[in-house]
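Before any comments, here is the structure.
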Amino acid sequence: MDALIDDVLASARPALDPRVAKLVFVVGSWPVALQTELVDQLTAAQIPYEWDMQGDLIVRESDEEEVEAVLELLPDPEEESELHSSELSSDDGVAVHELLDRVFMTASRLVKHPTDAAATVGLVDATSVLQQLAVPFGFEPPQWDRLVSAAKAVAEALEPPATSVADTDSDESTGHATDDQIMELAKTLVDQVRLYV
8 MDALIDDVLA SARPALDPRV AKLVFVVGSW PVALQTELVD QLTAAQIPYE WDMQGDLIVR
68 ESDEEEVEAV LELLPDPEEE SELHSSELSS DDGVAVHELL DRVFMTASRL VKHPTDAAAT
128 VGLVDATSVL QQLAVPFGFE PPQWDRLVSA AKAVAEALEP PATSVADTDS DESTGHATDD
188 QIMELAKTLV DQVRLYV
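Going letter by letter, the sequence shown gives residues 8 to 204 in my numbering.
Right, dumping it as structure tokens:
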């Protein structure tokens with residue numbers, strides 16, 4: 008698992024010359040599985056890329072046609088989102104385990120790199136699915152609640168809800184989570200999920 012995390016982290020490092028013209032492809036809302044497939048295809052095609060803070064894809068303008076060709080090969084993002092949200096059941100042990108693996112991997116990345124855009128998108132997406140599940144087979148309700156609460160805490164720190172003007176002056180506002188706070192919350196989540204993966 009650690010080797011896999013290191014490989015993913017390496018793929019997220021800046022790969023583009025800052026002097027070249029760039030394009031942004033909006034993929035931040037895609038399911039994690041589809042983003043992973045996109046990365047695999049870009050890597051296979053030897054197309055360099057980066058992620059912005061919204062989790063969207065940045066590529067060289069000169070690679071536009073190649074990237075569009077890769078995107079044409081991928082499933083429709085909206086259909087994939089519906090598929091993932093409708094088909095995952097708390098009774099599906101394999102699917103639940105895969106979901107927890109995704110939570111573990113993205114949270115582990117955030118422990119080391121709290122501003123990692125791809126990990127942020129992945130964790131928020133996986134947490135959204137977690138919150139929709141009933142207690143899976145093999146879990147006690149208090150155990151599952153603690154795990155989901157830990158994931159929700161990280162997701163809210165990464166993607167805080169809208170706050171009022173008065174709230175913006177408060178250091179305690181969830182909209183002002185520091186990198187250290189995100190790392191600590193992510194570590195707590197990793198410790199929770201580690202018990203089940």
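Quick reminder that beta carbons are idealized off the backbone N, C-alpha and C, glycines included. These numbers were taken from a predicted model, which means no experiment stands behind them.
- Per DSSP, reduced to three states, the secondary structure at residue 144 is coil, with no helix or strand assignment.
- Closest by C-alpha distance to residue 114, out of 53, 76, 190, 57, is 190.
- Counting only residues of its own chain and dropping the five nearest sequence neighbours on each side, residue 162 has a CB closer than 8 angstroms to the CB of 130, 131, 134, 135.
- Put simply, of 164, 204, 67 the residue whose alpha carbon is nearest the alpha carbon of residue 145 is 204.
- According to the DSSP assignment, residue 65 belongs to the beta strand (DSSP E) that extends over 64-67.
- Membership of residue 31 in the beta strand (DSSP E) is indicated by the continuous run 29-32.
- Spatial neighbours of residue 41 in its own chain (CB-CB distance under 7 angstroms, excluding positions within 5 residues in sequence) are listed in chain order as 81, 82, 84, 87.
- Here residue 195 is actually not in contact with residue 165; their C-beta atoms are around 14 angstroms apart, not less than 8 angstroms.
- Judged by DSSP secondary structure, residue 136 falls within the alpha helix (DSSP H) whose first and last residues are 124-139.
- Per DSSP, the beta bridge partners of residue 58 are 64.
- Residue 24 sits exposed, since fewer than 16 C-beta atoms from the chains shown fall within 10 Å of its C-beta.
- A Cβ-Cβ separation of about 5 angstroms places residue 154 in contact with residue 199 under the 8 angstroms criterion.
- Straight across, the Cα-Cα distance linking residue 55 with residue 119 is about 23 angstroms.
- The Cβ neighbour count for residue 121, taken over all protein chains shown within 10 Å, is at least 16; the residue is labelled buried.
- Relative to the Cα of residue 123, the nearest Cα in the group 70, 58, 187, 104 belongs to 58.
- Per the coordinates, the alpha-carbon of residue 185 lies some 11 angstroms from the alpha-carbon of residue 192.
- Note on residue 148: under 16 other CB atoms within 10 angstroms of its CB, so exposed under the neighbour-count rule.
- Looking at the backbone, the Cα of residue 111 and that of residue 34 are separated by about 22 angstroms.
- Here residue 29 is actually not in contact with residue 77; their C-beta atoms are around 16 angstroms apart, not less than 8 angstroms.
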